[in-house]
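Contents: one structure, followed by commentary.
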Amino acid sequence: MQNDYTLTRSEKRFIGWHLFVAVAALAIGSFYGPMQAFNYAGWNFYPLLRKLYIARSYYQGLTLHGVLNAVVWTTFFILGFLTFNMIYGLKRPLKYPKLNAFGFWMMVVGVLLAAYYILANKASVLYTFYPPLQAPWPFYLGLVLLVVGSWIEGYGFYFTLHQWKKDNPGVRTPFIAFASVATMVLWQLATLGVAIETLFMLLPWSAGLVKGIDIQLARTFFWWFGHPLVYFWLLPAYISWYGYLPRQAGGKLFSDTMARLAFWLFILLSVPVGFHHQFVDPGVAPAWKYIHALLTLSVVVPSLMTLFTVVASLEYAGRKRGGKGLMGWLAALPWGDPVVASQLLAGILFIFGGFGGIVNASYNTNLILHNTAWVPGHFHLTVSTAVTLTFMGISFWLVPYITGRELCCRKAALWMVYLWFLGMSIFSEAMHSLGLLGAPRRTPLGEAPYIPPEWSGLLLRVGIGGIILLIAVYMYIWIMVHTAFFAKKAEKEVEIQVAEAMTDVQAVPEWLDAWKPWLVGAVALLIVAYTPVLIDLISSMVPVAAPAMKLW
Amino acid sequence: MSSLHIDQHEKRWITISMVLLAAFAVLIGVSGFALGVQVPTLEQKIDPTKLNQDPEWSNPGVREIVPGKKYEVFLIAQTWQFTPREIVVPAGAKVTFYVTSRDIQHGFKVLDTDLNVQVIPGYVGKLSYTFKKPGEYKFICTEYCGLAHAAMFGVVKVVPPEEYGQ
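Line by line, the protein sequences are chains A and B. In this text, residue positions in the first sequence follow my numbering: the first is 3, and each later residue adds one. In this text, residue positions in the second sequence follow my numbering: the first is 285, and each later residue adds one.
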């Protein structure tokens, strides 16, 4: 089948730049992740890395891994993928391509600025940059540029959708474009918190304009951003699961309506939840922590809706492919296609990630696992598998589409996907178990004097997971480099497999295609969930200065 | 306004998810607010540079409130140590910890218990626990605080009530 719309060369190149930065960040950042895992297992490479000027300390490596993988790889990949969805979904160019290009380059400048200070070991503050750890002020400026640049790309999407709606009155917005704008709206609401923290607290403080800032207040603004951030990572993966995967697997989207309702619920519920990262913070009252726990748990509803719709779509595909019986449809899915297999495997581990997330969010159960190895165990199932493995699956068709070359080494791509699944399963299970025993996160456990010998089996499994993941991630980088620059030129353009819905798209109720009520609701809920605590914190701040000595 | 079409099975599924949600809400609410499995609370705010001028904080350590029954511990975290490093309390007594930081953020987690608090300079966290069994409970720093973070820990020695103070 021929695609009914084609992106111009310059549009493809623009998306390609996003993916290039994303994959480059992943290539550098992913080196340091396994180095941490190896430290756990007792294979400490840091003295060697120090000699080779690759990392001055465990924490410089950890900062690089967190920033490059969780922030740069995700954000750039997402904006590239969403740009594609906007143009291909609406079948029209962006309204102001130069505006989007400006936003993109602003992000690049921001990343380079922040990266310089991390690489120079002047900003080993981890990706949460909790004060009063203090980096030089241009580091924070880099973060601001990254965030504001992403806003500008989002504004470019809003203008484009607005024009499309004007030109197509009464027509339902195509799902992939709608969901892309929804993702950027969620991002806009989420990043307000970190923008306030950075602009009004960290920047003036690190530049020496104010002596001290309130640490509890800074944490509160940070976590206003920090949790919806994970939904910003997740929703683009959902776009692929709802909008592409059903067709890639050979079927149709079960319900376009419910897919949209889920996205609206995410916009509504995913921002006013930050206190579930602050259950053990002294400065937030228990009642408010409990309210945020309930709001977080409410996200169970759109999450289980997503599970239902995606599984129903896949069952339809599996049965169409000849799968019979209760589970036969599952076996009949194309597990040998790296594009599909990556997303199916991502989904399987995400179920466990979801269970763990409920435990994290459940108020007092969080006492057991706050700041333990359980937490990175959890988010390596979510952002590093559900999201990252899905993005890898997307790149297996999107990069060939952009470069006009064939996906290189299909077999290796398939192997890589299964290795990732295996490596993450081993790594993550061991991390969860260590966390339940009380092992702290963000700690070179290989050097910690308090580790009992009984933990050594688990620590070894973390290391084994790390080996497998190190192999898998560089297989991926190899495949990407070859597909982008060296693979055989394809004879025809890659077919874009946007899933058709089983129901008529025009049957989607109008209120599911109207922005105003949902946005008003989301902002109102955000105000209710944060105002009392913020007023309380701001009315009696305790200014704290940066530590006198350099700590890393 | 057209109406929302939801598949029969999906309706049931959503109902189940809402029931689950309600069950979770009740369970954590009851265990937290009725049975006392509670998160840490704020005791006071204090300038971290002035801890030495405060009568309680200039002398951190264990305070006996009711012998054998009730104890308080004033604990200061700072880069890269806890003061005191060793805490001795009798088994079966209710121990209330007041924890704060002299410099940057730290964590205080006692292994094998549900004692866990983010240690934030300027804020004093309050949390309680009754150690039922005698033994050594390590407490560790769970927040990144610089190069020697991994070496920051201490121990709660829980002794049988009859041996306490000897």
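Every residue, glycine too, gets a C-beta built ideally from N, C-alpha and C.
- Here DSSP, grouped into helix, strand and coil, assigns residue 372 of chain A to coil.
- Close partners of residue 291 of chain A in chain B (Cβ separation under 8 angstroms): 323.
- Rounded to whole angstroms, the gap between the alpha carbons of residue 479 of chain A and residue 217 of chain A is 39 angstroms.
- The region 425-440 of chain A makes contact with the region 454-470 of chain A: 3 or more CB pairs, one atom from each, lie closer than 8 angstroms.
- In the DSSP annotation of this structure, the continuous segment of the alpha helix (DSSP H) that includes residue 269 of chain A starts and ends at 258-271.
- The closest CA to that of residue 352 of chain A, considering only A:56, A:392, A:326, is found on A:392.
- Boundaries of the beta strand (DSSP E) harbouring residue 410 of chain B: 407-414, taken from the DSSP string.
- By the criterion of at least three beta-carbon pairs nearer than 8 angstroms, the region 227-245 of chain A is in contact with the region 381-391 of chain A.
- Residue 332 of chain B belongs to the set of residues whose beta carbon lies under 8 angstroms from a beta carbon in chain A.
- Counting C-beta pairs closer than 8 angstroms gives three or more between the region 273-286 of chain A and the region 400-414 of chain B, which meets the contact rule.
- Only exposed fits residue 303 of chain B, as fewer than 16 other CB atoms lie within 10 angstroms of its CB.
- When the five nearest sequence neighbours on each side are left out, the beta carbons in the same chain lying within less than 6 angstroms of the beta carbon of residue 85 of chain A are those of 17, in order along the chain.
- Counting other Cβ atoms within 10 Å of its Cβ, residue 34 of chain A reaches 16 or more and is therefore classed as buried.
- Only those residues of the region 55-76 of chain A whose C-beta falls short of 9 angstroms from the nearest C-beta of chain B are listed: 59, 60, 61, 64.
- For the region 448-461 of chain A, the residues whose beta carbon sits under 7 angstroms from a beta carbon of chain B are, in order, 449, 450, 451, 452.
- The beta carbon of residue 321 of chain A lies closer than 7 angstroms to those of 331 in the same chain, with the five residues before and after it left out.
- Between the alpha carbons of residue 473 of chain A and residue 69 of chain A lies a gap of roughly 21 angstroms.
- In this structure residue 358 of chain B is not in contact with residue 438 of chain B, their Cβ atoms being roughly 13 angstroms apart against a cut-off of 8 angstroms.
- Secondary-structure assignment with DSSP links residue 400 of chain B through a beta bridge to B:393.
- Taking all protein chains shown into account, residue 336 of chain B has fewer than 16 neighbouring C-beta atoms within 10 Å of its C-beta and is therefore exposed.
- Of all residues in the region 415-433 of chain B, those with a C-beta nearer than 8 angstroms to a C-beta of chain A are 422, 424, 425, 426, 427, 428, 429, 430, 431, 433, reading in chain order.
- Taking a C-beta distance under 8 angstroms as the contact criterion, residue 379 of chain B and residue 392 of chain B do not qualify as a contact pair.
- For residue 299 of chain A, the C-beta contacts it makes with chain B under 7 angstroms involve 305, 308, 309, in order along the chain.
- The C-alpha of residue 331 of chain B is placed about 29 angstroms away from the C-alpha of residue 395 of chain B.
- For the C-beta of residue 400 of chain B, the chain A residues within less than 7 angstroms are, from N- to C-terminus, 282, 369, 372.
- CA-CA distance, residue 325 of chain B to residue 120 of chain A, rounds to 35 angstroms.
- The straight-line gap separating the alpha-carbon atoms of residue 410 of chain A and residue 5 of chain A is approximately 22 angstroms.
- Approximately 5 angstroms separates the beta-carbon atoms of residue 376 of chain A and residue 434 of chain A; this is inside 8 angstroms, confirming the contact.
- Interface annotation, residue 288 of chain B: in contact with chain A, CB-CB separation under 8 angstroms.
- With respect to chain B, the C-beta atom of residue 327 of chain A has no partner C-beta closer than 8 angstroms.
- Boundaries for residue 56 of chain A: no alpha helix (DSSP H) harbours it, and the DSSP string shows neither H nor E there.
- Distances from the CA of residue 44 of chain A to each of A:212, A:226, A:446, A:24 were compared; the closest alpha carbon is that of A:446.
- Within chain B, 430, 431 have C-beta atoms less than 7 angstroms from the C-beta of residue 554 of chain A, given in sequence order.
- For residue 262 of chain A, the closest Cβ of chain B is not nearer than 8 angstroms.
- Comparing alpha-carbon positions, the option among B:356, B:361, B:424 lying closest to residue 377 of chain B turns out to be B:356.
- By the Cβ test, the region 395-414 of chain A is not in contact with the region 266-279 of chain A, since fewer than three Cβ pairs between them sit closer than 8 angstroms.
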